[in-house]
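First residue of the sequence shown? That's 3 in our numbering, and the numbers climb one at a time after it.
We put the beta carbon where it would ideally sit given N, CA and C, even for glycine.
A short write-up of the structure that comes next.
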Amino acid sequence: MSQFHVETDQLRGYAGLLERNAGHLSAIEGHARTAGGDTSGFTGLLELLVPVVDGAVALYAQALEFGHDRMVGLQHSLEGAADAYDKADATGAARIGGVETVRSIPTVGGR
Numbered sequence: 003m004s005q006f007h008v009e010t011d012q013l014r015g016y017a018g019l020l021e022r023n024a025g026h027l028s029a030i031e032g033h034a035r036t037a038g039g040d041t042s043g044f045t046g047l048l049e050l051l052v053p054v055v056d057g058a059v060a061l062y063a064q065a066l067e068f069g070h071d072r073m074v075g076l077q078h079s080l081e082g083a084a085d086a087y088d089k090a091d092a093t094g095a096a097r098i099g100g101v102e103t104v105r106s107i108p109t110v111g112g113r
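Given below as structure tokens:
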């Protein structure tokens, strides 16, 4: 069986990084929806492009929203994994402590 060591603080740190990046995606999405699709200056023949611009902005915003949702999902998964590793370590430490307690109980014959 291979041995490995998990740094749960590193997992939580990466989860925090994902949370911040997801926040940036939300900010970019908001800017794309409010300012990125501004067609107020389109006049004449350019007015024909308004639906195209609106569609492109909506598609771009949906892609950013999808990326945000995926990052948040990964963040929650990493936090859950870190919690599970910590719980497993605590359980293992408690079991080892229980064995040490049993070893110190006097037995017949002094062993």
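In the assembly as shown, H70 is a buried residue. Its beta-carbon has 16 or more other beta-carbons within 10 Å. Distance from the CA atom of S79 to the CA atom of A86, rounded to whole angstroms, is 10 Å. Counted as a single uninterrupted DSSP element, the alpha helix (DSSP H) harbouring R14 occupies residues T10 to H33. Straight-line spacing of the CA atoms in A95 and K89 works out to 10 Å. One Cα belongs to L20, the other to M73, and the distance between them is close to 6 Å. The C-beta separation of Y62 from A34 comes to about 5 Å, placing the pair in contact by the 8 Å criterion.
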